[in-house]
Amino acid sequence: MKHDWRKANLSDEDKALCGWAEKLTMTPGKMSENDVKELEASGFSQRAISDAAQVVGYFNYINRIAEGLGVDLEPDMKK
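Going by our numbering, the sequence shown opens with residue 105, and the numbers climb by one from there.
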């Protein structure tokens, strides 16, 4: 899963969440209400979607700060 979540043995729900998280990360301006509705149709509550958005947003924020400051990855993270 580390390199490609599409090749991992994930449930349909987890695949839906990973696809949503990837879209939010890579093309946030293309997110729409339909993206949320698709997650709800996959079984996620509004609370779970909100929690996921906050986690994805936090990691995106931290990664951009680290990259912007030139922070090197720890050796174990480079693999």
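Each residue gets a CB set at the ideal place from its N, CA and C atoms; glycine is no exception. None of these values were measured; they are calculated from a predicted model.
Counting of Cβ neighbours within 10 angstroms places Leu143 among the buried residues, the total reaching 16 or more.
Comparing alpha carbon positions, the residue from Ala145, Lys134 and Asp176 closest to Asp116 is Ala145. In the three-state reduction of the DSSP assignment, Asn113 falls in the coil class. Under the three-state reduction of DSSP, Met135 is assigned to coil, being neither helix nor strand.
Around the beta carbon of Phe163, a 10 Å sphere encloses fewer than 16 other beta carbons of the protein chains shown; the residue is thus reported as exposed.
The C-beta distance from Val159 to Leu128 rounds to 10 Å, too long to meet the 8 Å contact threshold.
Following the DSSP letters along the chain, one finds Asp108 in no alpha helix (DSSP H), marked with neither H nor E. Residues of the same chain with a CB within less than 7 Å of the CB of Gly133, apart from the 5 flanking positions on each side, do not exist.
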